[in-house]
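Worksheet: the structure to be examined is printed underneath.
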Amino acid sequence: MELLAPAGSMEALRAAVCNGADAVYLGADTFNARINARNFSAADLQEAVVYCHVRGVKVHLTLNTLVLDREMPRAAELIRLAASCGVDAFIVQDLGVVSLCRQLAPDVPIHASTQMSIHSLEGVMEAAALGCSRVVLARELPAEEIAHICKKSPVEIEVFVHGALCMCYSGQCYLSSVIGRRSGNRGQCAQPCRLPYGYGRFESTRYPLSLKDNCLAGELDELRRMGVASIKIEGRMKRPEYVAIVTRAYRTVLNGGKLTPSDLQELETAFSRQGFTDGYFRGQTGSDMFGRRQEGEDTADLFASARATYEQGEPQRIGVRFYAMIRRGEPAQLAVEDPDGNLCRARGPVPEQAVYRSLTPQDLEQQLKKTGGTPYLCTAVRSSLDPDLMLPASAINAMRRDVIAELTAKRGRAAPAHLNAYDEPPRYDGIAGEPQLTIAVRTAGQITSRMLSMKPTVLYVPLSELAEHPDLPQRVSVETQLAAILPRVIWSGELAPVARQLRTVYEMGVRQVLAGNLGQLHIARAAGFAVRGDFGLNIVNSRAMRYLREQGLDSQLLSFELTLPQIRDISKAVPAELLIYGRLPLMLMENCVMKNRTGICACQTGTVRLVDRVGEEFPIVKDPGTCRNVLLNGKKLYLLDKKDALRGMGLWALRLQFTTENPGEIDKVLMDYQGRAVFDAGSYTRGLYSRGVE
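Right, dumping it as structure tokens:
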């Protein structure tokens, strides 16, 4: 089982390697989810790969952000550069970047980032079909789900075992971008989840979105038995000393050791938020999982000790064998071989006749084992030595240094990379004329007579609601297509009821679903449904749109993190949909915020609201069909008065999305859309369509 450690800088990389990492993951100056780490320039990347490969450590490059069309040429340059440097894998979020990596550097493995929000075997299967050789699972998964996935996965599985936990499923958080234009999907998360929030205007503030750090140091044997290929430590924004301490602790456990209470205290002192949690892994969500960073921990002595592990000396981690041949009348010969079969040779002076003392095999071994200060450990010496000869120790040492230097150069030399040229995907201009109307609701009770009379092209209804209202297909016009909204998260253990509901709505005549992640695409196609793509797929570029075209999607809702000019310019390889009204979904949460406060699940009976420091209210609702929480924006997105500006952008449809609205409010919005009245949206937002994100 691989130990994968973070490297936010060259110093952190050395800390990881010297403390037992099998692989490191790092980011370049751009296109990585920790853009505020020190990261690696082109020269740094080359140095890092050589340093790691010499020491038998793999390097995974993070390309785990969303990439815009105008940025694709720069992303292509980085991919080609990294491949030529010899990186061992790309960690990718964006479907368009997956396509780009496969085109430009087909021999470099692709790992599906946790930012892809993959949480099921179905998602893993879809990632494998994409060409990914490894999937980093969502942190929220319990042990039984991980075990089920590992048992049937066609690709390697990677699991986070230590470090920060986000309150939201990775890749599905838009809180930072919507309130501050700093997108977590672009590596700029401002961590608003770590701020205080109240449960109402008159309650004291708490930290209901701030989770403790994950720690699965006690569960490694279980993960190994499951078949997990790699365990990952979070922390590219952390200090090198932190990386050293945590990597050393996990290496100790992987090597069969046990962490003492003192070791565990060191982990907490290095960084924690009022302790650690294994709540997700154990399937025990709740208030015990939450905490915040306490200042004032004295780390000076601990960090000084940690620095010594990578600043003083070089751990000897690569076993090598020496072969020496000392023959009368011939130049001395020495060879060294590493575990990978690399063989390097050097020649020395012709040995002289011994006068006082002959060279012995023991003398040779003593000199050849002097590999201190290098990454190599002499594990064996084989020699063929004629009698009564003398060779100075200085000559033996010189040959040893020569073969070690050649071996280091050979181990650090990247294999020739198979690189292809960059090309632009073909453009599709989209649909001319007036965009169609589509409507999404959270409950069947929100479907009004006015809504049905408007004959939207598509009416999106949650699968669970649709299955409970078999009369709905008879109520809608033949000009309106019904589409079932799948739950945003479907664990393998939850698939059976979803499959039953899909069969029910199929028998009702429904033939389309709305899917927001890779697993849903797999589930929908297997059940015989056509697929429309939702915002959770995070589509921001033309290459991703082309991938969806290849997958046969009927339409795709473009990311609401795009600006209107970017939406206009993106290639419409599949019919493109745009959200123009509704509360934006900011977080998708496995923990129940209200139950954590009261012990009672209140989202079934009403809307819970969090209040931030400036008095902004954020409603929390239940994701239909599951018990997961969705944090909504306090302000409603409102672009109904901008419909004319959206003509000529190649859009297939404009979507109205209703969440907390009652039927009366919904009808007012619909009248506004028809131009029959002006709906008072109150405190509304134009979203990110004009502001954009960083």
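Read in my numbering, the sequence shown has 578 at position 578, and its numbers run on one by one without any break.
In this text, a Cβ means the ideal position worked out from N, Cα and C, and glycines have one as well.
Values in this document were obtained by computation on a predicted structure and should not be read as measured data.
For D571, I'd like the list of residues in its chain whose CB is within less than 6 Å of its CB, leaving aside the five on either flank, ordered along the chain.
Per the sequence shown, residue 571 should be read as Ser rather than Asp. Answer for S571: R427, Y428, S542, M545, listed in chain order.
Spatial distance of L486 from R134 (CA atoms):
25 Å
Residues that DSSP places opposite G528 in a beta bridge
According to DSSP, which records beta bridges pairwise, G528 is partnered with nothing at all.
Check whether the Cβ atoms of L639 and I580 sit closer than 7 Å, and answer yes or no.
yes
Out of R102, G634, D623, P6, point me to the one whose CA is closest to V614's CA.
G634
Along the chain, where does the alpha helix (DSSP H) that runs through C101 open and close?
95-104
So, helix, strand or coil for L584, using DSSP?
strand
Tell me the start and end of each unbroken alpha helix (DSSP H) in the segment 338-417 that is at least 4 residues and wholly inside, in chain order.
361-368, 393-412
Taking 7 Å as the cut-off, decide whether the C-beta atoms of Q556 and G533 are in contact.
yes
Counting C-beta neighbours from all protein chains within 10 Å, is the total for E468 16 or more, i.e. buried, or is it exposed?
exposed
Residue ranges of each alpha helix (DSSP H) within the segment 609-679, 4 or longer:
643-646, 663-674
In chain order, which beta strand (DSSP E) runs of at least 3 residues are fully inside the segment 437-517?
458-462, 481-485, 512-515
I'd like to confirm the pairing. Which residues does DSSP put opposite L2 in its beta bridges?
According to the sequence displayed, residue 2 carries Glu and not Leu. According to DSSP, E2 bridges with S230.
Based on Cα-Cα distance, which residue from W652, A573, V243 lies nearest to P435?
W652
Evaluate the contact criterion for the segment 271-286 versus the segment 215-231: three or more CB pairs, one atom per stretch, below 8 Å.
yes
State the Cα-Cα distance for the pair V97 and A421, rounded to the nearest angstrom.
15 Å
Hey, V355 and E330 are a contact pair by Cβ (cut 8 Å); roughly how many whole angstroms apart?
Contact doesn't hold; Cβ gap of about 20 Å is too wide.
Could you check the C-alpha separation between N538 and S559 for me, to the nearest Å?
5 Å
Hey, G187 and T65 are a contact pair by Cβ (cut 8 Å); roughly how many whole angstroms apart?
5 Å
Segment contact flag, the segment 455-471 with the segment 667-678, C-beta cutoff 8 Å, min 3 pairs:
no
Let me check understanding here. Comparing Cα to Cα, which of N32, M237, M72 lies closest to Q93?
N32
Can you give, in chain order, each stretch of the beta strand (DSSP E) that sits fully within the segment 100-164 and has at least 3 residues?
110-112, 134-136, 156-163
Contacting residues, own chain, Cβ-Cβ under 6 Å from A16 (five flanking each side not counted)
A5, A7, V24, V243, T247
For the segment 231-259, which segments carrying the alpha helix (DSSP H) assignment without a break, of at least 4 residues, lie completely within its bounds, in sequence order?
240-254
DSSP puts S542 in a beta bridge; with which residues?
None, per the DSSP bridge assignment.
Reducing DSSP to helix, strand and coil, say where T30 ends up.
coil
Could you tell me which of G692, V476, D263, L654 sits nearest to P565, measuring between CA atoms?
G692
Mind checking which residues open and close the beta strand (DSSP E) that includes L68?
Element bounds for L68: n/a, residue is neither H nor E.
Tell me which residues share the same chain as F281 and place their Cβ nearer than 7 Å to its Cβ, disregarding the 5 neighbours each side in the sequence.
P142, A143, L216, E219
Looking only at its own chain, which residues have a Cβ that is under 6 Å from the Cβ of D612, when we skip the five neighbours before and after it?
Y197
Which of the three DSSP states is assigned to R206 in this structure?
strand
Excluding the five sequence neighbours on either side, which residues of its own chain have a C-beta within less than 6 Å of the C-beta of M399, listed in chain order?
L334, A346, G348
State the Cα-Cα distance for the pair V253 and Q46, rounded to the nearest angstrom.
31 Å
Closer than 6 Å by C-beta to V336: which residues in its own chain qualify, once you throw out the five before and the five after it? Chain order, please.
V320, F322, C344, V403, L407
Proximal residues to S99 (C-beta, below 6 Å), its chain only, five neighbours per side dropped
R543, Y547
Can you say whether I157 is buried or exposed, counting buried as having 16 or more other CB atoms within 10 angstroms of its CB?
buried
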